[in-house]
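A.B. asks: Below you will find the structure I want to go over with you.
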Amino acid sequence: MTHHVFVYGTLRPGDVRWHVLEPFTIDGGMPDSVPGELFDTGLDYPAAVFGPGGKILGRTFALLEATLERAIAVLDEVEDVVGGEYHRVTVRTHLGLEAWAYAYGAGL
8 MTHHVFVYGT LRPGDVRWHV LEPFTIDGGM PDSVPGELFD TGLDYPAAVF
58 GPGGKILGRT FALLEATLER AIAVLDEVED VVGGEYHRVT VRTHLGLEAW
108 AYAYGAGL
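Residue numbering for the sequence shown is 8 to 115, as defined by the working numbering.
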């Protein structure tokens, strides 16, 4: 199972949803990036589409093993995976890590 998460928006330290992710992280994470494009939704949070054609800057965090399943469940809820606004995908970061990330689900 993947033990990292790549974040690019409101889950970053200092942003409005950092308090949701922070309890599940091992440390302060690492600056990182992944291939893809970031879009401004106009709703105070970004949307990512992963794939060739650009670079998304963000941060990759190692998740605590003991709370990994709970972390994924909480993040899925916060990112509205059930409702379909975003969906969890696996990405390969520029640091060479496999990480969970949340891609925009409805398309732009």
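The beta carbon of each residue, even a glycine, is placed where N, CA and C say it ideally should be.
Which residues mark the beginning and the end of the beta strand (DSSP E) in which Val98 is found?
C.D. replies: Along the sequence shown, one-based indexing puts residue 98 at 91. From DSSP, the beta strand (DSSP E) with Val98 extends over 93 to 99.
A.B. asks: Expressed to the nearest angstrom, what Euclidean distance is found between the alpha-carbon atoms of Val23 and Thr9?
C.D. replies: Within the sequence shown, residue 23 is the residue found at index 16, counting from 1. Within the sequence shown, residue 9 is the residue found at index 2, counting from 1. Looking at the two C-alpha atoms, the distance is approximately 25 Å.
A.B. asks: Can you give me the C-alpha to C-alpha distance between Tyr111 and Val98, rounded to a whole angstrom?
C.D. replies: Position 104 of the sequence shown holds residue 111. Position 91 of the sequence shown holds residue 98. For Tyr111 and Val98, the distance between alpha carbons rounds to 14 Å.
A.B. asks: If we ignore side chains and look at the alpha-carbon of each, how far apart do Tyr52 and Pro42 end up?
C.D. replies: One-based indexing of the sequence shown puts residue 52 at position 45. One-based indexing of the sequence shown puts residue 42 at position 35. Whole-angstrom Cα-Cα distance: 19 Å.
A.B. asks: Please classify Ile33 as buried or exposed, where buried requires at least 16 neighbouring CB atoms within 10 angstroms.
C.D. replies: Numbered from its first residue, the sequence shown carries residue 33 at position 26. It is exposed - the Cβ of Ile33 has fewer than 16 other Cβ atoms within 10 Å.
A.B. asks: Between the alpha carbons of Pro20 and Lys62, how many angstroms are there, rounded?
C.D. replies: Here residue 20 refers to the residue found at position 13 of the sequence shown. Here residue 62 refers to the residue found at position 55 of the sequence shown. Approximately 20 Å, taken between the alpha carbons.
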